[in-house]
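The block underneath contains the structure these notes are about, expressed in structure tokens.
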Amino acid sequence: MAAALWAAPAQDRGEVQALDTAGSGPGVPRTEAQAMAAARTSGRPVEVESKGDARQVTYANPDGTLTRESHLQPFRTLRAGRWVPIDTTLIRHDDGTVGPKAAETEMRFSGGGRAPLATISRTGRMLTLTWPEELPKPTLDGDSATYADVWPDVDLVVHASVSSFTHVLVVKTPQAARLAQLKTIAYGLSGTNLAFKAGADGRLAALDAGGGGTIFEAPAPKMWDSGSPAEAAARGESFDASRTAPESSRRSGLGVIVAGGELRLSPDQRLLTDPSARFPIYIDPHVATHKNTKWAMVDSGYPNEEYYNWDGDTDQRIGLCPRGYSSTCNSSQVKRLLFTMDSPYADDSISILSAEFKVSMASIVVSGTKRNFSLYRTSGFSSATNWSNQPAWSSTNKQQTLDTSTTASCTGNPNVVFNATQAVRTAATDNYSTLTFGIKADNESDELSSKRFCHNAVLSVNYNRPPRAPDNLSSNPGGSCATGSARPIVPTVPVLIAYLSDPDTGDAEPLTATFTVEWTPAGQNKQTKTWTTLSSTSPEFEYNLNASGTGVPDLPENTVVTWKVIASDGTSPSPASPTCEFVLDKSRPAGPDIDSPEYLPGDSVDNGTGMPAAACVQAAAIHDGVGRYGTFTFTAADPDVLSYQYAFDSTLSAGSPSVPASAVGGSASVHWAPASEGPHTLNVRAVDASGPGTISSCSFKVSAGRQPVGEWALDDEVGSTVAADAAVPGNPAAAGSGVSFRAGGAGGPADPAAQLDGSAEGYLATSSTGLLDTGGPFSVSAWVKLDDLTRSQTAVSQDGTGEPGFVLGYEYEAGVGRWTFRIPVTDVDSLGEWQVHSNVAVSTDWVHLAATFDPFKDAITLYVGGAATTVGAARSSWASHGNIQIGRHTAKTGYTGHWNGRIADVEVYDRLVQPAEITKLAAISIKRRAYWPMDSSSLLDGTSQTLRSAAFDPDGEGPIDSTVDDLTVEGADQVLAVIPEDPEELPTEALVGEGHLNFNGSSDYAFTASKLVGQTTSFSISARVRLAAQCANEQVVMSQPGTNVSRFEVRCLATPQGNRWQLVLNDVDQVGSAQTIVTDNTHAPDPSLAKGEHLAVTYNGLTGEVKLYVRGELALSAIATLTTAWNGSDGGIQIGRALTGAGAGLYNRFFSGDIDEVRIYTGVIDETTVAQLSSTTALPDL
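Under full-length UniProt numbering, the final residue of the sequence shown carries the number 1182; numbering is consecutive throughout.
This is the structure in structure tokens:
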């Protein structure tokens, strides 16, 4: 007669048909890009493992699109780290308890005797329910356990479902209804980390004792009789009145009291003793929960009664109760259904292609009848929603008319499909994290419109990231894209060129380019020619306007022609490119020929190919490379040419650089080094006495710059006598006795350096010579730290015969210290030197130095901290080919300038390293500072214990493992994964690997005593977390304390838009400080995710940019730039709490839930690394 359903928020009960992904697992670290590549190769959809969970699955499709299916309730669960289909069939375990084979939530039921009737647990919170007497051994039938005759003619029935259970007292006879035990039924009720609450309306809640959110809850309990036999007959043998109250039943509420460790239910004695009541009578306090997904029903016949999550029913009705066809309506009248689904599409980079809302229709009133019903997008609802306060119904999406051939089981795949595209697009545009739908009959006065739908709804969304707008537009002849007065005048019909790219797969996905060309002949209407290329994975696309058939070879002269390009990946178009223009004038002389043996090697014979002299042979291959000089020679047919104007990657103008012809009518050459990899365009025109001529244009592709010719990280092991050269393994640098290794580097102990003592033996030198030819372009860089600022010192140099080829270091003169880079004028002592000095203050802090010599511009440049501080002249050069010296330089009297301090990451290049590259070199190298996988079995529950940072052996040279990285755990329980020998026993699942920490939300935390994140240096920090419940209170996952407040906090916060993940940074170390807050509006925190959520924060110390990644993705809203520098102290990392006020002891905002896989890096990890870290597979070497 009594039932209770205890469930975790937002999950439901009832079996769901598992998809074909069941049996796959989160153990395969497949990112979106990897899944897309596999889908293209196989021709089949491939699951994106990193985006999958119990209620959602994302597929990469062979056509380059993605499909995400969000289920109303779980369809799979984890067992031993793998996904398996939900199976709520009850089985007996070796310990005598009973439980479902594979449910989402851990639960066990009594096998008889004095054992608890039921236990259900989630995220370290356990609810235990006991029966007041000894229980008989249950009879198992599917998902039901029946404890027969717990009192005379009273059975106790437990039903298991996906994430909860019901316990129903079945009163079978009028005699049993008069038992004294049914006056008040007292269940024993206890919990771990739970606080119980009964509302005035009879609702029950088990709240997280620390965080305050709801873990388990139940709406006001109800009781009902068996209703009309006619209804039971009409609904068939599968109908079970112990699960769902018949519409014809008499119903009543129960009194509820939670006190003294008991749940006391007081059944309505009037219903129990009503002579007209039909037995059995059922007593059932159903449970509902609040999650990102939920469902409800409203009934006009019970306008103030709530049916949140349908009170445990697996199907419910829409429309008017069909009294003319059944006598089972009781007081029920018109019903409507509501569903809330996840909508993680608030990303401006994606395009919603289509969306479908799918659900099963279980039955209709009369076979063969057809009546319309519609899907609506509504506002949200809650567990308090009823007919009187239901949300507004608006935005009808699509109507459906169905007959009896379309009915289906609630355990099968949905058979009704609505078009929900516009609703999902609106939700994405308005940044909704959830989307609410409603279903109701079109004619709510027509009894034949009554239908029943299941709770197995699925929202399936097909989406895509469109290609980027085409760029690097040019024409040949004509040059770079230009309009207005800058538009080119061309002598021949040109070839149009554009470069395309796609954010989903870079260059891997085939794209097409659609060129649109428009012109208006004199006295005529506008003409348009559109042409689409074949698909290609090459980024460069061309349209030969002079080609017959596809082009427009007869374009009119002296008419402005406009053109633009749109890319397509076969699914979505890109934004349009900028509009370009040209004018055709066939009387105009052809432009100059362009040759370059380095970057246009096929162009030297172009005039012999039958092509116009103004054309060049485009370079299809990718040529080396950034920072490498090439020679470009221009030759014009004009015998009067005086000079040539040229422009790389820009439109020619009057102010463009010019080079004189070797003689009147002669050619000219320029030297140029590309600053970036990718496509480049050179525009050239000849200039004679009458002015500039026709522009010639040629495009070519450039690779990344060559790697250094010498690279000494200086991170060698203690006691080493040489430093390894990563660039040339056979060229180590021998260390003097004044050098020691493994000193802390710019990134701390995890980023080691060499310590030089400033003596004559404090140096490193290569044995081989000739690494650099200092007569040509070269670059040098190093991380340095001085311990003595009172004398000049050398960081890096190269030997010459009488003078060093260069010196990079520190100069101290007349009481002033400056960073310096100098090159002697010749290899002869005392003839002077070219030099540049820094204009920034010098300190004993770590700093990155770099310098370049450009003989074609007669310039030397010094970079300090990634920024060019000084550019100076160097009008002579000579070639030194001696040894590389670290920590000293050669002089007439011997070696001098011995370094007193630390040096790391010395690199020398035989090319010009470009400013963007130097900025990257000046960033702290990415080194793992600490990693706590939380797998150690040495941690004892509820005590202060230490976890050692996992050893890291990235290069096979021995692990990095330091006790300064110990994590002290205060109170948090460690959950270790256990896979029992009995395959039917319930395993203990860890978030990742073999264990995680569980925090109680009130006092548990972990911390490091040492500072792992520097005040101004770049860093990255990440963790996998799972909330115990929605964050009713602010909860901090990670923070770094100052003296008064935290420097930063990663938190979950309830906002007006719902729960959100945020990164909060205080400007100064003061209570009430101004803050920079970065919010992820795309991924709403979700406690129901079986593997939790991955969070990552990066901070770029050079640019001040901060980013918050959630689930491996960076939302557009989750980026900011800090404009103020933190002025406080830097403490160790805090896990699970934050410093919230003055004084070292005022910590608050405790985290409630699970935390795993905490990592700290020096440097800024990129999006690819974050995506890898978000894998649910342990990655100890990352």
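Cβ atoms here follow ideal geometry from the backbone N, Cα and C, with glycine treated the same way.
- Query: Could you give the distance in angstroms between the alpha-carbon of Y432 and the alpha-carbon of P1056?
  - Reply: 12 Å
- Message: Less than 7 Å between CB atoms is the rule here; does G882 satisfy it with respect to chain C?
- Response: Included in the structure is just one protein chain, with no chain C present.
- 8 Å Cβ shell around S42 - same chain, five flanking residues per side excluded: P62
- Task: With T41 as the anchor, note down where its alpha helix (DSSP H) starts and where it stops.
- Result: 32-42
- Task: Look up G52 in the DSSP assignment and say whether it is helix, strand or coil.
- Result: coil
- Message: Going by the DSSP bridge assignment, what does S121 pair with across the sheet?
- Response: E106, M126
- Task: Have a look at E49 and S1175 and give me their C-alpha separation to the nearest angstrom.
- Result: 8 Å
- Between T184, Y308, A206, which lies nearest to T190 when the distance is taken from Cα to Cα? Contrary to the premise, residue 190 reads as Ser rather than Thr in this sequence. If we check each option's Cα against that of S190, A206 comes out closest.
- In the DSSP assignment, find the alpha helix (DSSP H) that holds R270 and state where it starts and stops. 269-272
- Message: Would L353 and N462 be called neighbours here (beta carbons separated by less than 7 Å)?
- Response: yes
- Message: Rounded to the nearest angstrom, what separates N464 and T65 at their Cα positions?
- Response: 5 Å
- Message: Using only the alpha-carbon positions, how far apart do A724 and S792 sit?
- Response: 27 Å
- Item | Pairwise C-alpha distance: G805 and D773 | 9 Å
- Once you ignore the five residues that flank T516 on each side, which residues in its own chain have a CB closer than 6 Å to its CB? T530, K564
- Would you call T283 buried or exposed, if buried means 16 or more other Cβ atoms sit within 10 Å of its Cβ? For the record, residue 283 in the displayed sequence is Ile; it is not Thr. When all chains shown are included, I283 counts as buried.
- Task: To the nearest angstrom, report how far apart I257 and R264 are at their CA atoms.
- Result: 5 Å
- Item | Whole-Å CB distance - G665 paired with P639, under 8 Å assumed | 4 Å
- Message: As an exercise, report each continuous beta strand (DSSP E) stretch of at least 3 residues that is fully enclosed by the region 112-185, in chain order.
- Response: 118-122, 125-130, 139-141, 144-151, 154-160, 164-171
- Assign I1119 to one of two classes, buried (16 or more other C-beta atoms within 10 Å of its C-beta) or exposed (fewer than that). exposed
- Task: Indicate whether the contact test is met: 3 or more Cβ pairs, each with one atom in the region 889-909 and one in the region 854-873, closer than 8 Å.
- Result: no
- Query: Given a threshold of 16 other Cβ atoms within 10 Å of its Cβ, counted over all protein chains shown, does S690 qualify as buried or as exposed?
  - Reply: exposed
- For V920, the first and last residue of its enclosing alpha helix (DSSP H): With the sequence shown as reference, residue 920 is identified as Lys, and Val is not the correct amino acid for it. Run containing K920: 915-922, per the alpha helix (DSSP H) assignment.
- Message: Using the Cβ count rule (16 or more neighbours within 10 Å means buried), how would you classify T794?
- Response: buried
- For T844, which of helix, strand or coil comes out of DSSP? coil
- Query: Apart from the five residues just before and just after V722, which ones in its own chain have a Cβ nearer than 7 Å to its Cβ?
  - Reply: P732, A733, A734, A735
- Beta-carbon contacts of residue 1185 that lie in its chain and below 6 Å, excluding the five residues immediately before and after: No information on residue 1185 is available, as it lies outside the stretch 1 to 1182 that the chain covers here.
- Message: Quick check: the Cα distance between D688 and S643, rounded to an integer number of angstroms?
- Response: 7 Å
- Query: Can you tell me the Cα-Cα spacing of S696 and T492, whole angstroms?
  - Reply: 11 Å
- Query: Residue range of the beta strand (DSSP E) that A904 falls in?
  - Reply: 900-909
- Task: Alpha carbon to alpha carbon, how far is V992 from P85? Give it in angstroms, no decimals.
- Result: 20 Å
- Query: To the nearest whole angstrom, what separates the beta carbons of P1087 and A1029, a pair I think is in contact under 8 Å?
  - Reply: 5 Å
- Query: If you drop the 5 nearest sequence neighbours on each side, which residues of the same chain put their C-beta closer than 8 Å to that of S300?
  - Reply: Q333, V334, K335, W387
- Item | Distance CB(A989)-CB(D935) smaller than 7 Å | Note that residue 989 corresponds to Glu in the displayed sequence, not to Ala. Not a contact, by the Cβ cut-off of 7 Å.
- Mapping DSSP to helix, strand and coil, what is S536? strand
- Message: Could you compute how far the alpha carbon of Y763 sits from the alpha carbon of G1112?
- Response: 44 Å
- Taking all protein chains shown into account, do 16 or more other C-beta atoms lie within 10 angstroms of the C-beta of R1051, making it buried, or fewer, making it exposed? buried
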